[in-house]
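K.L.:
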Amino acid sequence: MIDNINRTSRNIHPNNTVIKVCDTEIGGGNLTIIAGPCSVESEEQILEIAKSIKNSGANILRGGAFKPRTSPYDFQGMEADGIKLLKLAKQETGLPIVSEIVGLRHLNLFEDIDILQVGARNMQNFELLKELGKTNKPILLKRGFSNSIKELLSSAEYIMSSGNDKVILCERGIRTFETLTRNTLDLSAVPLLKEISHLPVIVDPSHGTGIAKLVSPMSLAAIAAGSDGIMVEVHNDPDNALSDGDQSITPTQFYDLVQKARKVKNILL
Ligand code: PEP
Ligand code: MN
């Protein structure tokens, strides 16, 4: 597949990699459901969302504290205060946390964060990847919107060749000529990645479509295609969200999605 021997390949590691995060295991036949707001906005917001997604059966809470926004004038995240609120949400619910790291100088702030996300915009920030490879944190590596599957695997290789085997791949849509959706969710990447790599694969249909109504059907399609889980944006007040409200589902819609997701997963077993 990729030139040189590589650590992401199923050829050298035939069994599925299973990554343990607190009490939950990602990969190896488990269905992992990651949910939460695009951005942490306030204590009330993150606690309300965290409690509701926990009650609906989510395994992991997501929430952005550092937001890589296209415009410098858009909300940039609560930064260090957002990380504190995520830790509080973990204390209150027991849910492990995933949050995006946008720069190496923030690494010390992420000490108690369970999974570090490398976002689409940083998928080829090789210095960041190499440093994260020296940590023992699971890394959720999102596919860049202009990057090939091969390049995603090469970026995973950067992390793994630096010493960290705990990489979770995330398909989150790529940029195409289509304009009615935010991105084109490449679900064919899922069975292909599962074929050529032993790493767990998660699908993010929120950024993959940009449209709340498409999140549930594309989540179910992702599971049917063999993904190890989904990551979806959930907000208690999408109309007033500080980022990505259009693609955020409500806690009620999330509850409904989890029920259906489990049914689809069970059909495959
Ligand atoms: C996110 O998950 O909040 C995010 C910014 O996603 P992406 O990097 O896929 O755009
Ligand atoms: Mn978002």
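Sequential numbering from 2 applies to the sequence shown in the numbering used here.
The C-beta atom is built at its ideal place from N, Cα and C for all residues, glycine as well.
Apart from the five residues just before and just after Val216, which ones in its own chain have a Cβ nearer than 6 Å to its Cβ?
P.N.:
Correct list, in chain order: Pro206, Ser207, Val233 and Ile250.
K.L.:
Cβ-heavy atom distance between His236 and ligand 2 below 7 Å?
P.N.:
For ligand 2, not one heavy atom lies less than 7 Å from the Cβ of His236.
K.L.:
Between the C-alpha atoms of Ile231 and Ile35, what's the straight-line distance to the nearest angstrom?
P.N.:
Rounded to the nearest angstrom, the two C-alpha atoms are 6 Å apart.
K.L.:
Is the closest heavy atom of ligand 1 to the C-beta of Asp205 under 7 Å?
P.N.:
Within the cutoff, so yes.
K.L.:
State yes or no: is the C-beta of Ile140 within less than 8 Å of the C-beta of Asn165?
P.N.:
Yes; because the gap between Cβ atoms is below 8 Å, this pair is in contact.
K.L.:
Could you check the C-alpha separation between Gly134 and Leu200 for me, to the nearest Å?
P.N.:
Rounded to whole angstroms, Gly134 to Leu200 spans 15 Å at the Cα level.
K.L.:
Are Val265 and Ala225 close, meaning C-beta to C-beta below 8 Å?
P.N.:
In contact: Val265 and Ala225 (Cβ atoms closer than 8 Å).
K.L.:
Three or more C-beta pairs closer than 8 Å, one from the segment 121 to 136 and one from the segment 52 to 59: is that the case here?
P.N.:
Too few Cβ pairs lie closer than 8 Å, so no.
K.L.:
Note down, one range per segment and in chain order, each alpha helix (DSSP H) of at least 4 residues found wholly within the segment 175 to 214.
P.N.:
As far as the segment 175 to 214 is concerned, its whole alpha helix (DSSP H) runs of at least 4 residues are 190 to 197 and 206 to 210.
K.L.:
Measuring straight from C-alpha to C-alpha, what distance separates Leu258 and Met219?
P.N.:
Distance between the alpha carbons of Leu258 and Met219: 11 Å.
K.L.:
I need the DSSP call for Lys88, collapsed to helix, strand or coil.
P.N.:
It is helical.
K.L.:
Pick out the complete alpha helix (DSSP H) segments inside the segment 82 to 159, 4 residues or longer, and give them in chain order.
P.N.:
Runs found: 127 to 133.
K.L.:
Grouping DSSP H, G and I as helix and E and B as strand, with all else coil, what is Leu258?
P.N.:
Helix.
K.L.:
Distance check for Val204 and Glu1, CA to CA, integer angstroms please.
P.N.:
Outside the displayed span of the chain (2 to 270) sits residue 1, for which this structure offers no information.
K.L.:
Look at the alpha carbon of Leu181 and the alpha carbon of Tyr256, and state the distance between them as a whole number of angstroms.
P.N.:
Using only the alpha carbons, I get a separation of about 27 Å.
K.L.:
Check whether the Cβ atoms of Val19 and Ile13 lie closer than 8 Å to each other.
P.N.:
In this structure, Ile13 does not lie closer than 8 Å to Val19 by Cβ.
K.L.:
Taking only the alpha-carbon atoms, compute the straight-line gap between Arg263 and Ile61 and give it to the nearest angstrom.
P.N.:
Distance between the alpha carbons of Arg263 and Ile61 is about 16 Å.
K.L.:
Residues around ligand 2, please: the condition is that the C-beta lies closer than 5 Å to some non-hydrogen atom of it.
P.N.:
Those satisfying the condition are, in chain order, Cys39 and Asp245.
K.L.:
Could you tell me if Lys21 is buried or exposed, where buried requires 16 or more neighbouring beta carbons within 10 angstroms of its beta carbon?
P.N.:
The residue is exposed, with fewer than 16 neighbouring Cβ atoms inside 10 Å.
K.L.:
Determine whether the beta carbon atoms of Gly78 and Ala90 lie at a separation below 8 Å.
P.N.:
No. Outside cutoff.
K.L.:
By DSSP, does Leu270 sit in helix, in strand, or in coil?
P.N.:
Looking at Leu270 - three-state DSSP - the assignment turns out to be coil, as it is neither helix nor strand.
K.L.:
Look at the alpha carbon of Asn7 and the alpha carbon of Leu110, and state the distance between them as a whole number of angstroms.
P.N.:
Straight-line Cα distance between these residues: approximately 31 Å.
K.L.:
Here's a check: name, in chain order, each residue in its chain whose Cβ is nearer than 6 Å to the Cβ of Asp57, leaving out the five neighbours to either side.
P.N.:
What sits at residue 57 in the sequence shown is Ser, not Asp. Correct list, in chain order: Phe255, Tyr256 and Val259.
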